[in-house]
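Trainee: Okay, handing you the structure first.
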Amino acid sequence: MKKFRIYLLLLIQTIENGGGNMYVGRDMTELTMVSKSEWKEDELAYFHHSLQQILPYLNAEGQSIYKEIVIEIESRGGLQEGDASWTHGTKISYD
Numbered sequence: 254m255k256k257f258r259i260y261l262l263l264l265i266q267t268i269e270n271g272g273g274n275m276y277v278g279r280d281m282t283e284l285t286m287v288s289k290s291e292w293k294e295d296e297l298a299y300f301h302h303s304l305q306q307i308l309p310y311l312n313a314e315g316q317s318i319y320k321e322i323v324i325e326i327e328s329r330g331g332l333q334e335g336d337a338s339w340t341h342g343t344k345i346s347y348d
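Under our numbering, the residues of the sequence shown are numbered 254 to 348, in order.
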């Protein structure tokens with residue numbers, strides 16, 4: 254079986270009082286109403302990472318959602334790392 258290398262891409266938002274990392278996007282309640290193929294890359298990355306951290310504690314439904322996310326990431330060829338966009342560059346800069 255082919256091993257896929259998944260690079261997690263987290264949406265980073267800098268907060269005025271010291272900064273920090275936080276997800277800014279649709280929550281799981283909203284995302285469960287749409288197909289995984291309609292999820293954005295940062296949503297897949299965030300929930301993949303979050304569910305991966307608590308995987309031993311997930312019930313069957315949670316594990317099924319996690320597996321669907323992994324399958325969707327693999328079907329897209331993995332998540333890309335290092336691409337710059339209008340919202341972030343390729344490197345984290347420290348002020």
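The C-beta atom is built at its ideal place from N, Cα and C for all residues, glycine as well. Since we're looking at a predicted model, the values are computed, not measured.
State buried or exposed for residue 280, treating a residue as buried only when at least 16 other CB atoms are found within 10 Å of its CB.
Mentor: Along the sequence shown, read from residue 1 onward, the residue named residue 280 stands at position 27. Counting Cβ neighbours within 10 Å, residue 280 comes out exposed, since fewer than 16 surround it.
Trainee: In this structure, does DSSP put residue 311 in helix, strand or coil?
Mentor: On the sequence shown, position 58 is the one that residue 311 refers to. DSSP places residue 311 in coil when its eight states are reduced to three.
Trainee: Expressed to the nearest angstrom, what Euclidean distance is found between the alpha-carbon atoms of residue 285 and residue 314?
Mentor: Position 32 of the sequence shown, counted from the start, is the residue given in the question as residue 285. Position 61 of the sequence shown, counted from the start, is the residue given in the question as residue 314. The straight-line gap from Cα to Cα measures roughly 12 Å.
Trainee: Within its chain, find whatever has a CB closer than 8 Å to the CB of residue 278; leave out the 5 residues flanking it on each side and keep chain order.
Mentor: Along the sequence shown, one-based indexing puts residue 278 at 25. Hits under 8 Å: 264, 293, 295, 296, 299.
Trainee: Under a Cβ-count criterion, where at least 16 other Cβ atoms within 10 Å of its own Cβ denotes burial, should residue 322 be classed as buried or exposed?
Mentor: Numbered from 1 along the sequence shown, position 69 holds the residue referred to as residue 322. That one is buried.
Trainee: Please report the straight-line C-alpha distance between residue 325 and residue 317, rounded to a whole angstrom.
Mentor: In the sequence shown, residue 325 corresponds to position 72, counting from 1. In the sequence shown, residue 317 corresponds to position 64, counting from 1. Taking the straight line from one Cα to the other gives about 12 Å.
Trainee: Can you check which of these residues, 319, 290, 289, 291, is closest to residue 302 by C-alpha distance?
Mentor: By one-based count along the sequence shown, residue 302 stands at place 49. Comparing Cα-Cα distances from residue 302 to each of 319, 290, 289, 291, the minimum goes to 319.
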